[in-house]
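Visitor: Quick note on my numbering: the sequence shown kicks off at 8 and runs consecutively.
From the three backbone atoms N, C-alpha and C, an ideal C-beta is built for every residue, glycine too.
None of these values were measured; they are calculated from a predicted model.
Structure in structure tokens, see below.
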Amino acid sequence: MGIGTAGAADIATLERQLEDARKAAPITVAPFLAVTKPAQYFGNYEPRKDMVYRAGEQMFFYAEPKNLIFPKNATGVYQPAFDVDLEVSGPGGQSMKQPKFASFKLDSRSRIQDLYLNLDISLGSAPPGKYNVKFIIRDMNSPKSAAFAQDVTIK
Numbered sequence: 008m009g010i011g012t013a014g015a016a017d018i019a020t021l022e023r024q025l026e027d028a029r030k031a032a033p034i035t036v037a038p039f040l041a042v043t044k045p046a047q048y049f050g051n052y053e054p055r056k057d058m059v060y061r062a063g064e065q066m067f068f069y070a071e072p073k074n075l076i077f078p079k080n081a082t083g084v085y086q087p088a089f090d091v092d093l094e095v096s097g098p099g100g101q102s103m104k105q106p107k108f109a110s111f112k113l114d115s116r117s118r119i120q121d122l123y124l125n126l127d128i129s130l131g132s133a134p135p136g137k138y139n140v141k142f143i144i145r146d147m148n149s150p151k152s153a154a155f156a157q158d159v160t161i162k
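Structure, rendered in structure tokens:
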């Protein structure tokens, strides 16, 4: 059973309004959390119980960025693109930055509704202490960006 012409037109209008709202809104990243392993699909994550890691242990993070710009090219293909930078601050005030820690270009014939990121890092042989792991997402189709961070402890 279909929704009818009026219902389909109403949905199309709402989708255009939602797209306009997303273009005007800042990037948000929620949820963002440390997880036990990479997600296999949108929403498929298991939160980590604590933020304490062993030296060299792999850290997995799950993030859902919202309000990125999804332009269409001449053939109607959506072309969202964004970079993720990494900044880690250590207990002694030292910091490490890695621009373009990850880069994404996600051509799609349909607008991607459920976008998620698996981000993983290891601090290698970093000495014990408290660290701040910060990611910065930068939309390549607009000047929008957003930072999201998590404090972790290396034992």
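State the beta-bridge partners of Met103 as determined by DSSP.
Guide: Partner(s): Val95.
Visitor: Residues bridged to Asp127 by DSSP?
Guide: Its beta-bridge partners are Phe67.
Visitor: At what residues does the beta strand (DSSP E) containing Tyr138 begin and finish?
Guide: Run containing Tyr138: 136-146, per the beta strand (DSSP E) assignment.
Visitor: Is it right to say Asp146 is buried, meaning 16 or more other beta carbons lie within 10 angstroms of its own, or is it exposed?
Guide: That one is buried.
Visitor: Taking Cβ positions, are Asp90 and Ser110 nearer each other than 8 Å?
Guide: Yes; because the gap between Cβ atoms is below 8 Å, this pair is in contact.
Visitor: What would DSSP say about Ile34, mapped onto helix, strand or coil?
Guide: Residue state, collapsed to three classes: coil.
Visitor: How about Pro33 and Asn74: do their beta carbons lie closer than 8 Å?
Guide: Yes.
Visitor: Look up Leu21 in the DSSP assignment and say whether it is helix, strand or coil.
Guide: Three-state DSSP puts Leu21 in a helix.
Visitor: Does the count of Cβ pairs from the stretch 40-56 and the stretch 10-29 closer than 8 Å reach three?
Guide: Judged by Cβ distances under 8 Å, the stretch 40-56 makes no contact with the stretch 10-29, as fewer than three pairs qualify.
Visitor: Hey, Val164 and Tyr60 are a contact pair by Cβ (cut 8 Å); roughly how many whole angstroms apart?
Guide: For residue 164 there is no data in the structure shown, the boundaries of the chain being 8 and 162.
Visitor: Gln157 to Ala16, Cα distance in whole Å?
Guide: When rounded, the distance between both Cα atoms is 43 Å.
Visitor: Quick one: grab the DSSP three-state call for Ala62.
Guide: Residue state, collapsed to three classes: coil.
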